[in-house]
Structures are given as structure tokens and as C-alpha cells.
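For the sequence shown, the numbering used here assigns the number 356 to the initial residue and increments by one for each residue that follows.
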Amino acid sequence: MTNDLTYPDVARRPVFITLSILIFGTIVSYALLLPLQSADINEFLLPWFKVIDERGFAAMSGEYANYTPPYLYLLGIASLLSGIIAPIYLIKSVGIVFTLFGALIFSRIVFDITHNKRRALIAGFAFPLIPSVAINAAWWGQCDAIYTSFLLCAFLASLRKKPFLVMVFFSVAFSFKAQAIFFSPFLLFLLLNKEMPWKYLGIIPVVYAVLMLPAWLAGRGVVELATIYLNQGNYYRSLSMNSPNLWAVVTQFDLLSYRAGLVFGIAAAVVGNLWLIVKAGVKSKTGTGTDSEPWSRTSIYLVLAGATLLLSPYLLPKMHDRYFFPADVFLILLAALRSRFVIAAGAMQAASVIVALGFLGLISRSYAIPSMAGALLTTIAVIVVCRPLLSGARPLD
């Protein structure tokens, strides 16, 4: 069976119709969401944009914002159209552009694994319509698509056995958002499996320093730039920031103190991720349990990346509602390529949408209800995704 698009017109027609529907749906849904404002836009993004608009390059120092300077550089580029396009649309355009970039990489990953152009095209055009993706960029005005797109690039590079590019793309992602660290267990697997040399860890500080250079030239101190994420970690002192994870329940019923929660949560995340890495290593080499043969490299990569991106924010304390965004995307990727994970992807989408709508004021004035409901759904996703690695499941191919 051929996998390209060299079919007669009749055979190509269903693909054309599907893509047309997806394009139309994206245009309509984004057009409806774009005028909507969120508390984050009003309280943070619009004031930051105003500073950038007024100060120009000097604003690239970024001391007035709690995001890293690379994101502010992008707002600076968008501000070039200030006066022509309303600020709210310029702010949202940054996330939307990277949503489209993420769709391109998402499509490329699907093609590299399936070698099916039709499937890859449909996956790419459907990407902007993933509910949590559309809400994040077009309504919330957030930029999680930026670092997640670079994580997708890193994953694609790993499939192509290009470890240098894996680390470069991860380093760029980390320079935008600290939450890119959730991808580090997958990197550790590559290191331990000797698929990436340890010396490539040195790429991270180099890329970070290069991307902070404009902020330094704009007048921000080196020490301050180097400790941005440390300061962010101390910004809030709560075990749960509306995240759909276990800590929503712990916080609601005051089950642990702040310090005890930090210690327990970090330890659980470390042990949990290491366990997944070990199990993935075993399955890549020898059959276990009911396995008749080792898992394929592709299945190991897909499941491990999805599982660790999901497990980290699930077990770690102090997580915000949007920290599951990479897991949202990678679980959709996993479901698109391995149908047994459709339930997990759906549950994670439901959890992320519930907490997003809770924050945006459409469900409840109390964040506790959406977070606890989301925690139940996320638990389902964790069980479904992690179980094949931890059990004697047969190869998924």
C-alpha cells in the first residue's frame, strides 16, 4: 500500500475535505477566542507590552517581568506593529505563531514514524484545534507553545539520532521556560543508554548564556540573569497552584505542611521518573513478563517521553495549571501513533481544559473544584500511560 499522495483525484478528495474542515475550524475558533481577555493578559502581559513599547531595546533587560528575556524579545518584535494592531492581538500572535510551528514539527514526527503523508498532514492541521492548545494561545494569551515546540524539535532530533540537536533544542526550550526540565528524564535515558554523550550537557549553559546576551546588553546583571528560575521558584509558596495533580487534594484538605510536601513531592518525582527510565531500558533490551521480544526504539521513545512529561508535574508540588501543557501535546502525539493511549490523551485534555476554564472563570469561582476534578482525570492518564512500561506489556508496534 502506498503512503504518499500520488492518488487519483477521487482518492485525494477525502483528504482535501478533511484538511479544509480543519483549516476552517481553526480560523473560526481562533477568531472567536482572540478578542477574549484573561487575568494574565490584563495583570501581566499588557503592562509588560506597554513597557516594551515605550522603552524599546532597553526593555529587553526584563527586570519588570517574571518571564525570561527570550519571551520578551518576541514581544519586542511583535511591538513593531504597535499602533497598527491592538496590543492584545500582538501578544497572542506570539503564541499562535509558535502553535503553527509546533503543528509543523508535530506533523513531521508523525510522518517520520508512519511514513504516511496523509496521516501526517491531518495531524499537523489538527494540532491547533487541540483544545488546550487553542485555549492557551488564542484565549489565555500564554506562550507555552514556544518551549513545547522546541521540545517537539528535540524529540524529532532524537528519533533521527542527532543528539547534538536534541540538546540544542532542549536548551532553547529551557531558556524560555523552566518547565522544559520535565523533559530531562527522557534526556537522562538517552545518556544512560549511550545514545547521547555526557559532554553535550555543556550545551545547556552555552545556549542559555547566548539567549540572555541581549538582556545583558540592555543592562541586566549577569547574576540576576543566571538566577531567574531560582527567583521564580520562590514567587509562590503553595503546594498547588490550581494544577490538576495530587497536590490539589493535599492542599485542599491540608494533609501536609509546605516543607514536608516539598521534600516528599520532589523525592517521589525523582524516584518515579528513575523507575520509568530503568523499565524503559529493560524493555529496549530484553523481553519482560509476557513480552516475546524487546519494544521498538520508537515505542520506547514515545511512551517514555509522554510518561515522564506527565509524571513530573503530577508528582511535583508548586505546579501551576499550565504545567501539563507539554504532556497534553505529547499524549496527543502518543495517541495519534498508538491507539491504546486515546483514553489517556482524552483524560489529560479534559483535565487541562477544566482547570483552564476554572482559571478563566467559566466553571467555578473556587479553583479547588476544577483542580480536584482535573486531578482525578490526570490520575487516569498517569495509570494508562505508565502501566505499559511498568508491567509486562507486549511490544506496542
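Backbone N, C-alpha and C fix where the C-beta goes; we use that ideal spot for every residue, glycine too. Bear in mind that the values here come from a model prediction, so they are computed numbers and not experimental data.
If you measure from the CB of residue i, is any heavy atom of the ligand GDP nearer than 7 Å?
{"i": "valine 562", "result": "The ligand content of the structure shown is nil, which means the ligand GDP is not present either."}
To the nearest angstrom, how far is it from the Cα of residue i to the Cα of residue j?
{"i": "leucine 507", "j": "asparagine 586", "result": "27 Å"}
{"i": "phenylalanine 620", "j": "arginine 474", "result": "A small fix is needed here, since residue 620 is glycine in this sequence, not phenylalanine. Computed Cα separation, rounded: 39 Å."}
{"i": "glycine 496", "j": "leucine 744", "result": "36 Å"}
{"i": "phenylalanine 480", "j": "threonine 381", "result": "9 Å"}
{"i": "alanine 420", "j": "glutamate 579", "result": "12 Å"}
{"i": "glycine 644", "j": "glycine 457", "result": "With a pLDDT of 43 at glycine 644, under the threshold of 50, the predicted position of this residue should be treated as unreliable, though the coordinate-derived value follows. Approximately 37 Å, taken between the alpha carbons."}
{"i": "glutamine 704", "j": "threonine 663", "result": "17 Å"}
{"i": "phenylalanine 404", "j": "serine 434", "result": "7 Å"}
{"i": "serine 593", "j": "glutamine 607", "result": "11 Å"}
{"i": "isoleucine 753", "j": "arginine 410", "result": "Limits of the chain in this structure are 356 at one end and 752 at the other, which puts residue 753 out of reach."}
{"i": "glutamate 398", "j": "lysine 640", "result": "51 Å"}
{"i": "tyrosine 563", "j": "serine 526", "result": "7 Å"}
{"i": "glycine 642", "j": "leucine 751", "result": "Per-residue confidence for glycine 642 stands at a pLDDT of 48, beneath the threshold of 50, marking its modelled position as unreliable; the derived number appears in the next sentence. So the two alpha carbons sit approximately 12 Å from each other."}
{"i": "isoleucine 559", "j": "arginine 368", "result": "46 Å"}
{"i": "lysine 638", "j": "leucine 545", "result": "14 Å"}
{"i": "valine 625", "j": "glutamine 392", "result": "37 Å"}
{"i": "leucine 572", "j": "threonine 582", "result": "17 Å"}
{"i": "alanine 492", "j": "proline 668", "result": "20 Å"}
{"i": "serine 694", "j": "alanine 682", "result": "17 Å"}
{"i": "glycine 661", "j": "leucine 629", "result": "14 Å"}
{"i": "aspartate 646", "j": "phenylalanine 696", "result": "With a pLDDT of 48 at aspartate 646, under the threshold of 50, the modelled position of that residue is not reliable, and no figure is offered here."}
{"i": "valine 370", "j": "isoleucine 501", "result": "29 Å"}
{"i": "leucine 756", "j": "glycine 729", "result": "No information on residue 756 is available, as it lies outside the stretch 356 to 752 that the chain covers here."}
{"i": "leucine 617", "j": "histidine 470", "result": "44 Å"}
{"i": "proline 483", "j": "alanine 635", "result": "31 Å"}
{"i": "tyrosine 422", "j": "valine 561", "result": "19 Å"}
{"i": "serine 539", "j": "threonine 733", "result": "21 Å"}
{"i": "serine 746", "j": "methionine 415", "result": "49 Å"}
{"i": "isoleucine 735", "j": "threonine 454", "result": "27 Å"}
{"i": "phenylalanine 379", "j": "arginine 463", "result": "22 Å"}
{"i": "tyrosine 584", "j": "arginine 614", "result": "19 Å"}
{"i": "aspartate 609", "j": "isoleucine 376", "result": "48 Å"}
{"i": "leucine 429", "j": "proline 649", "result": "44 Å"}
{"i": "leucine 715", "j": "phenylalanine 412", "result": "32 Å"}
For residue i, does the three-state DSSP call read helix, strand or coil?
{"i": "isoleucine 440", "result": "strand"}
{"i": "aspartate 646", "result": "Per-residue confidence for aspartate 646 stands at a pLDDT of 48, beneath the threshold of 50, marking its modelled position as unreliable; the derived number appears in the next sentence. Correct three-state label for aspartate 646: coil."}
{"i": "asparagine 600", "result": "coil"}
{"i": "serine 674", "result": "It is worth fixing the name first, because residue 674 is methionine in this sequence and not serine. Of the three classes helix, strand and coil, the one that applies to methionine 674 here is strand, per DSSP."}
{"i": "serine 694", "result": "helix"}
{"i": "serine 595", "result": "strand"}
{"i": "proline 552", "result": "coil"}
{"i": "threonine 733", "result": "helix"}
{"i": "tryptophan 495", "result": "coil"}
{"i": "methionine 356", "result": "Note that methionine 356 has pLDDT 41, beneath the 50 cutoff, so the model's placement of it is unreliable and the number below is only indicative. In this structure, methionine 356 counts as coil in the three-state DSSP scheme."}
{"i": "proline 390", "result": "coil"}
{"i": "glycine 574", "result": "coil"}
{"i": "tyrosine 422", "result": "coil"}
{"i": "phenylalanine 608", "result": "coil"}
{"i": "arginine 368", "result": "helix"}
{"i": "phenylalanine 679", "result": "coil"}
{"i": "glycine 337", "result": "This structure does not reach residue 337, given that the chain is present from 356 up to 752, and the question cannot be answered."}
{"i": "phenylalanine 582", "result": "For the sequence presented, residue 582 should be read as threonine rather than phenylalanine. Threonine 582: coil per DSSP, three-state reduction."}
{"i": "leucine 715", "result": "coil"}
Are residue i and residue j close, meaning C-beta to C-beta below 8 Å?
{"i": "proline 424", "j": "alanine 623", "result": "no"}
{"i": "alanine 512", "j": "phenylalanine 529", "result": "no"}
{"i": "leucine 686", "j": "leucine 665", "result": "yes"}
{"i": "leucine 311", "j": "isoleucine 443", "result": "Residue 311 cannot be examined here, being either before or after the span of the chain that is shown, 356 to 752."}
{"i": "leucine 388", "j": "tryptophan 494", "result": "yes"}
{"i": "leucine 543", "j": "isoleucine 632", "result": "yes"}
{"i": "serine 651", "j": "phenylalanine 679", "result": "no"}
{"i": "valine 737", "j": "isoleucine 698", "result": "no"}
{"i": "serine 612", "j": "serine 726", "result": "no"}
{"i": "phenylalanine 505", "j": "leucine 688", "result": "no"}
{"i": "isoleucine 468", "j": "isoleucine 396", "result": "no"}
Between residue i and residue j, which are expected to be in contact by the criterion C-beta below 8 Å, what is the C-beta distance as a whole number of angstroms?
{"i": "alanine 690", "j": "alanine 700", "result": "4 Å"}
{"i": "valine 684", "j": "valine 488", "result": "7 Å"}
{"i": "phenylalanine 519", "j": "tyrosine 555", "result": "6 Å"}
{"i": "valine 521", "j": "leucine 692", "result": "Actually they do not touch by this definition, with Cβ atoms about 19 Å apart."}
{"i": "threonine 653", "j": "leucine 476", "result": "Not really, about 20 Å apart at Cβ, beyond 8 Å."}
{"i": "cysteine 498", "j": "valine 449", "result": "6 Å"}
{"i": "glycine 417", "j": "arginine 575", "result": "6 Å"}
{"i": "methionine 596", "j": "aspartate 676", "result": "7 Å"}
{"i": "leucine 436", "j": "phenylalanine 541", "result": "That belief does not hold up - the Cβ atoms of leucine 436 and phenylalanine 541 are roughly 37 Å apart, past 8 Å."}
* **Inter-stretch contact (C-beta, 8 Å, three-pair minimum) for the segment 595-604 and the segment 664-683** => Under the Cβ criterion (8 Å, minimum of three pairs), the segment 595-604 counts as touching the segment 664-683.
* If we count Cβ pairs, one from each stretch, closer than 8 Å, do we get three or more for the segment 709-718 versus the segment 532-545? -> no
* **Cβ pair count under 8 Å reaching 3, the segment 383-399 against the segment 548-557** => Short answer: they don't touch.
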